[in-house]
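Numbering (full-length UniProt numbering), first residue to last: 1 to 278.
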């Protein structure tokens with residue numbers, strides 16, 4: 001990371017062409033990705049059979065499907081993956097981007113909450129979720145978010161970045177992530193489209209914030225995913241995937257992601273100008 005005096009300036013690397021590779025991977029990631037997606041969906045479906053052991057509003061067991069899919073895929077392709085998965089970055093960069101992730105979720109929550117209040121909607125507030133105390137709900141949500149992010153942002157997106165720019169990789173990961181929430185597409189078409197838009201926007205935001213190794217990307221993305229889920233629960237409660245809240249979520253997600261992408265572009269341009277005059 002560049003320094004400005006003694007202050008660390010948080011920024012993502014220039015991923016316009018995907019992962020910068022000092023040792024370009026000779027093998028294709030596509031077979032690995034195909035196996036991962038199939039296994040992630042299959043494991044999620046199997047875990048759903050055991051959902052009765054815990055309230056789904058507190059923790060959805062299917063969230064661990066992507067992590068299990070990533071683990072199983074790694075066991076099959078571990079030699080190939082040694083050259084495909086990205087290397088670690090500095091701890092300071094991870095911390096800086098995680099703090100930036102928290103700020104982004106705060107912006108999102110303010111926009112989504114303001115839209116709800118402006119249209120006469122009541123905020124759900126902080127309360128027990130499905131009979132689960134709110135503090136325990138927070139723990140469950142963090143664990144569940146990590147289960148998903150190991151697969152989506154930790155495993156799938158870096159592999160896609162071997163063949164495409166980061167924006168495209170994050171967006172495609174978002175489309176698969178949205179399709180994984182298959183139950184949402186049984187709702188009204190406008191709600192389903194809004195969910196797709198918000199999920200892809202969130203995927204781009206999470207995908208740009210996370211950098212480094214699988215575990216580093218997972219850490220940053222899991223914090224963001226967790227806070228997004230908690231914010232939506234506090235704002236909308238059980239109505240999070242219903243109209244009009246689904247529309248507010250999509251709009252707030254797009255605006256927040258566009259804002260922070262613009263900040264990244266501006267920061268990169270400033271770095272390039274400094275490098276040119278150094």
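Think of the CB as a built atom: it goes at the ideal place given N, C-alpha and C, for glycine as much as any other residue.
Reducing DSSP to helix, strand and coil, say where residue i ends up.
i	result
residue 126	coil
residue 119	coil
residue 187	coil
residue 132	strand
residue 225	helix
residue 54	coil
residue 239	helix
residue 89	coil
Roughly how many angstroms separate the alpha carbons of residue i and residue j, rounded to a whole number?
i	j	result
residue 144	residue 57	12 Å
residue 151	residue 61	14 Å
residue 33	residue 156	7 Å
residue 41	residue 273	45 Å
residue 220	residue 179	23 Å
residue 214	residue 131	34 Å
residue 23	residue 119	For residue 23, the predicted structure reports a pLDDT of 48, less than 50, and the residue's modelled location is therefore unreliable. A value from the coordinates is still provided. Each residue's alpha carbon lies about 53 Å from the other.
residue 205	residue 261	8 Å
residue 186	residue 271	46 Å
residue 172	residue 191	20 Å
residue 115	residue 109	10 Å
residue 264	residue 139	31 Å
Answer yes or no: the CB of residue i versus the heavy atoms of the ligand MG, is any distance below 8 Å?
i	result
residue 153	With respect to the ligand MG, the structure shown offers nothing to examine, as it has no ligands at all.
Excluding the 5 residues flanking residue i on each side, which residues of the same chain have their C-beta closer than 7 Å to its C-beta?
i	result
residue 126	134, 234
residue 89	211, 212, 216
residue 74	81
residue 239	245
residue 326	Here the chain comprises residues numbered 1 to 278, so residue 326 is not present and cannot be evaluated.
residue 72	39
Exposed or buried, which one is residue i when buried takes at least 16 other CB atoms within 10 Å?
i	result
residue 45	exposed
residue 66	buried
residue 28	exposed
residue 195	buried
residue 52	exposed
residue 49	exposed
residue 79	exposed
residue 98	buried
residue 249	buried
residue 218	buried
residue 231	buried
Going by CA-CA distance only, name the one from the options that's closest to residue i.
i	options	result
residue 158	70, 136, 257	70
residue 77	113, 248, 35, 186	35
residue 209	239, 259, 247	259
residue 121	236, 276, 264, 254	236
residue 43	147, 101, 140	147
residue 141	96, 218, 223	223
residue 104	30, 256, 214, 269	256
residue 113	268, 252, 199	252
residue 188	243, 230, 200, 228	243
residue 136	278, 111, 225, 54	54
Does the CB of residue i have a neighbour CB from chain C at under 9 Å?
i	result
residue 144	In summary, chain C is missing from the structure at hand, where a single protein chain is found.
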